[in-house]
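When you read off a place in the sequence shown, starting at 1, and then add 130, the result is the number in the working numbering. Glycine included, every Cβ here is placed at the ideal spot set by N, Cα and C.
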Amino acid sequence: MLSLLGACGGGDDGGHETAAAQQQAQSQGAPHDAVHDERLQPAADVSVAAVRPGFVYRQGKTLMLDGRPYLFVGVNAFGLTGCRTGAPDSQATLDAFFSSLRPHSTTRTWAFRSLGAEGVERVVRTAEKYGQKVIFALADGAGFCGDADGRSGGEGTLKTDAWYGGGYRGAYFDWIRTVVPKYKDSPAIAMWEIANEPKGLTAAVTDEVMKTFFDDTAALIKSLDPNHLVSSGSQAEYVYGTSDFSYVHSGPDIDVASVHEYDYAYQDSRTIVSSHFSAVIGKMQALDKPLYIGETGIGLSQCMSPQARADALRQKYDAYLARGAAGVLYWGWSPTPDSGCDPYSGGADGPGSPVMAMTKAYVIPGDTTPPPPGPVEPTQTTYDDSRFSYSGTWAVGSGAGKYQDADRYTMEAGAFYTLAFSGTSVRLYTSVAPHHGIVAVSVDGGEERLVDLYSTTRAEQRLVYTSPTLPAGSHTLKVRATGTRNPSASDTVATADKAVVVSAASTPPNEPVMTTTEHDDSEFAYEGGWATGTGAGKYRNADRYAATAGAAYSYAFTGTAIEIYSSMAPHHGIVGVSIDGGPERSVDLYKASRAEQALVYMSPTLAQGPHRVRVRVTGRKNAASTGTVGTADKVVVRSKG
131 MLSLLGACGG GDDGGHETAA AQQQAQSQGA PHDAVHDERL QPAADVSVAA
181 VRPGFVYRQG KTLMLDGRPY LFVGVNAFGL TGCRTGAPDS QATLDAFFSS
231 LRPHSTTRTW AFRSLGAEGV ERVVRTAEKY GQKVIFALAD GAGFCGDADG
281 RSGGEGTLKT DAWYGGGYRG AYFDWIRTVV PKYKDSPAIA MWEIANEPKG
331 LTAAVTDEVM KTFFDDTAAL IKSLDPNHLV SSGSQAEYVY GTSDFSYVHS
381 GPDIDVASVH EYDYAYQDSR TIVSSHFSAV IGKMQALDKP LYIGETGIGL
431 SQCMSPQARA DALRQKYDAY LARGAAGVLY WGWSPTPDSG CDPYSGGADG
481 PGSPVMAMTK AYVIPGDTTP PPPGPVEPTQ TTYDDSRFSY SGTWAVGSGA
531 GKYQDADRYT MEAGAFYTLA FSGTSVRLYT SVAPHHGIVA VSVDGGEERL
581 VDLYSTTRAE QRLVYTSPTL PAGSHTLKVR ATGTRNPSAS DTVATADKAV
631 VVSAASTPPN EPVMTTTEHD DSEFAYEGGW ATGTGAGKYR NADRYAATAG
681 AAYSYAFTGT AIEIYSSMAP HHGIVGVSID GGPERSVDLY KASRAEQALV
731 YMSPTLAQGP HRVRVRVTGR KNAASTGTVG TADKVVVRSK G
């Protein structure tokens with residue numbers, strides 16, 4: 131959760147320096163893998179027969195939804211429940227966010243005790259409304275957003291060792307007992323996370339301590355909500371308490387694990403897959419459990435363009451899913467996006483950003499109905515109870531809270547209503563009340579699902595059923611009064627109010643295929659004095675360099691984007707890059723250790739056509755650099771085929 135540091139007013143938590151120090155401290159003891167391997171047993175799969183339609187479950191290391199493998203890409207929207215502003219996002223903001231996503235997308239956010247129940251309730255109901263999935267973290271290992279639990283060091287100083295040693299059984303368990311069972315019947319919950327980045331403050335939080343915490347908490351969650359998966363919310367295996375990743379995740383009630391990765395030097399190193407992922411994916415597969423990327427991002431410190439970030443994150447999605455990740459969630463989303471270059475930004479990408487558009491349009495591997503390029507907006511049609519066909523005795527009720535001020539009700543066992551519709555899914559809304567009973571819902575004559583309409587207090591237009599995704603075409607919804615009731619209900623009333631049918635939107639034609647072409651420095655046009663350098667690491671074993679201010683090179687190309695690759699070194703300076711004679715962007719070629727063919731610049735997306743890039747030696751340098759050298763090695767041009 132490195133990016134949350136800026137979002138909630140914290141600073142750098144030490145990043146990989148902290149990780150290295152912790153690994154060194156833990157290396158003084160015996161490796162846990164050697165001790166615990168004989169106790170590691172793959173967890174039993176969730177019984178498919180017990181799975182409810184629309185709920186995410188797992189078969190071994192594969193996440194499933196409605197009988198099909200479920201892979202996801204999505205966003206971390208930590209502010210939805212109140213962390214960003216101190217209050218939950220408005221209903222209008224939530225509607226705009228969830229309605230813009232493709233069906234069954236996954237979003238990750240907070241359900242911390244410090245933020246209260248209102249935001250969680252609002253997010254769940256809105257996600258239900260639009261057929262979306264949410265991963266909720268129930269606590270914060272770093273203690274941000276007021277989730278302190280007795281710490282004395284302020285935000286970001288981590289929970290105490292005593293908390294992991296047993297203190298979690300107090301207020302934290304009380305919170306779980308409050309919030310988790312309330313949503314056990316909601317298909318909007320993808321999974322519960324025990325905590326966001328659980329990690330000990332000192333080496334006193336051993337793997338044994340963390341495993342006890344994981345197992346106790348997961349068992350409590352499962353006892354309150356057997357319908358949903360439980361994830362650890364883990365960050366990586368370098369933090370106190372999770373150095374033996376297999377061992378701490380081997381408990382029978384831990385279904386899923388996560389790893390968080392950030393590469394703030396992306397442009398220097400071209401790192402796509404984090405070493406932290408490679409270290410743990412095999413361990414989770416040996417346990418026969420899924421692993422997902424809970425957070426990933428690319429820092430803004432080098433001021434990459436939004437489109438360049440989108441293109442780079444697409445590479446990460448491709449690589450992680452190809453290597454066995456169950457899903458990837460990027461950091462982060464905010465209705466008020468950042469515009470600066472802070473690498474620890476809390477919400478760089480807003481509703482209309484290229485990153486968000488790419489994520490919504492990303493083609494999930496194996497998806498037989500991939501979305502088109504660009505956002506997909508399904509159509510929705512609402513049907514009033516007057517559009518239903520009834521069998522048996524149904525009376526008319528009226529009231530301002532009902533859809534179009536009226537609904538229908540019956541107490542006759544066997545009475546039913548149907549709705550013939552054309553679409554890909556249907557959502558059923560009715561009133562719930564203390565005297566309401568249980569109805570049976572089916573689609574196309576299939577298996578009935580029992581839906582309990584009992585509630586301690588009356589509520590109108592409550593979403594009570596969401597169908598699985600259906601083949602596009604004609605279908606029939608049937609709702610039958612069973613004459614049975616919850617033991618707490620005083621009667622068996624069944625009601626009919628409205629149904630919302632979702633139909634896939636028409637898709638625009640596919641974009642032309644993008645082609646990429648590499649061009650050598652010998653193809654550039656030079657101004658001023660440039661010398662030739664040679665070396666095996668350079669593109670085609672050669673490049674050019676100049677240190678005189680005003681020396682420049684340019685390259686004319688036809689396409690939609692260009693990437694510039696050059697060497698970086700301790701004696702290199704700052705160059706100015708411009709496109710088509712526009713404003714220059716300063717690019718620092720200084721690096722403490724030399725690197726060849728480093729990606730130093732990615733242009734914004736350009737109109738398909740002829741363009742010219744120009745790179746100028748400015749004579750300026752980073753304060754740490756010993757020289758002002760600029761280099762020319764290769765460019766990569768992207769063009770629509």
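Let me know the secondary structure DSSP gives residue i once reduced to three states.
| i | result |
| --- | --- |
| H406 | helix |
| N752 | coil |
| T308 | helix |
| R299 | helix |
| W322 | strand |
| R744 | strand |
| D650 | strand |
| G412 | helix |
| H702 | strand |
| K289 | coil |
| M488 | helix |
| R670 | helix |
| D279 | coil |
| R182 | coil |
| D514 | strand |
| Q534 | helix |
Thinking just about the alpha-carbon of each residue, which of the options is nearest to the one in residue i?
| i | options | result |
| --- | --- | --- |
| A550 | T587, S604, A543, L245 | S604 |
| R453 | T548, K191, Y187, V360 | K191 |
| L268 | S230, I319, D315 | I319 |
| A682 | T606, G300, W660 | W660 |
| G381 | V389, S361, K608 | S361 |
| Y368 | L350, V765, T466, V410 | V410 |
| E590 | A563, V765, V609 | A563 |
| A676 | G757, V609, R715, R232 | G757 |
| T523 | D448, V339, R674, A611 | A611 |
| V609 | S618, A619, A624, A672 | A624 |
| W293 | D270, V717, V310, D374 | D270 |
| V767 | G712, V759, P713, A686 | A686 |
| R579 | L607, G204, G680, G553 | L607 |
| P495 | R538, L451, W461 | L451 |
| M194 | T256, P328, L359, P481 | L359 |
| S223 | M486, T236, P481, Q415 | First, the amino acid is wrong: residue 223 is Thr here, not Ser. When each option's Cα is compared against that of T223, the closest is P481. |
| H701 | D418, S716, D448, G749 | G749 |
| A333 | K352, G371, S652, G300 | G371 |
Using a threshold of 8 Å, state whether the C-beta atoms of residue i and residue j are closer than that.
| i | j | result |
| --- | --- | --- |
| V186 | Y200 | yes |
| Y731 | E693 | yes |
| Y559 | V594 | yes |
| K751 | G703 | yes |
| R744 | S684 | yes |
| I568 | T614 | yes |
| G297 | E323 | no |
| F344 | V378 | yes |
| G457 | F202 | yes |
| H565 | A525 | no |
| L354 | P420 | no |
| R214 | S464 | yes |
| V389 | I428 | no |
Please list, in chain order, all residues of the same chain as residue i whose beta carbon is under 6 Å from its beta carbon, the five residues on each side excluded.
| i | result |
| --- | --- |
| D219 | L210 |
| M488 | A440, R444 |
| S597 | S555, V556, V573 |
| E251 | none |
| V254 | Y313, S316, A318 |
| A164 | Residue placement at A164 is flagged as unreliable, the pLDDT there being 32, under the threshold of 50; the coordinate-derived value follows with that caveat. The answer is none, since no qualifying residue turns up. |
| P740 | T688 |
| V571 | R579, V581, Y595, V609 |
| R670 | D650 |
| R238 | N206, I265, L459 |
Within its chain, find whatever has a CB closer than 7 Å to the CB of residue i; leave out the 5 residues flanking it on each side and keep chain order.
| i | result |
| --- | --- |
| L350 | F303, I306 |
| R198 | none |
Problem set entry | Length at least 4, wholly inside the region 198-271: the alpha helix (DSSP H) runs in chain order | Listed in chain order, the complete alpha helix (DSSP H) runs (minimum 4 residues) inside the region 198-271 are 221-229, 247-259.
Problem set entry | beta strand (DSSP E) runs wholly inside the region 563-616, at least 3 long, in chain order | Runs of the beta strand (DSSP E) inside the region 563-616: 568-573, 579-582, 589-596, 603-614.
For this session: Give, in chain order, every unbroken run of the beta strand (DSSP E) that is at least 3 residues long and sits entirely within the region 415-455.
Result: 421-427
For this session: For the region 321-386, list the beta strand (DSSP E) runs that are entirely contained and at least 3 residues long, ordered along the chain.
Result: Complete beta strand (DSSP E) runs here, min 3: 359-361.
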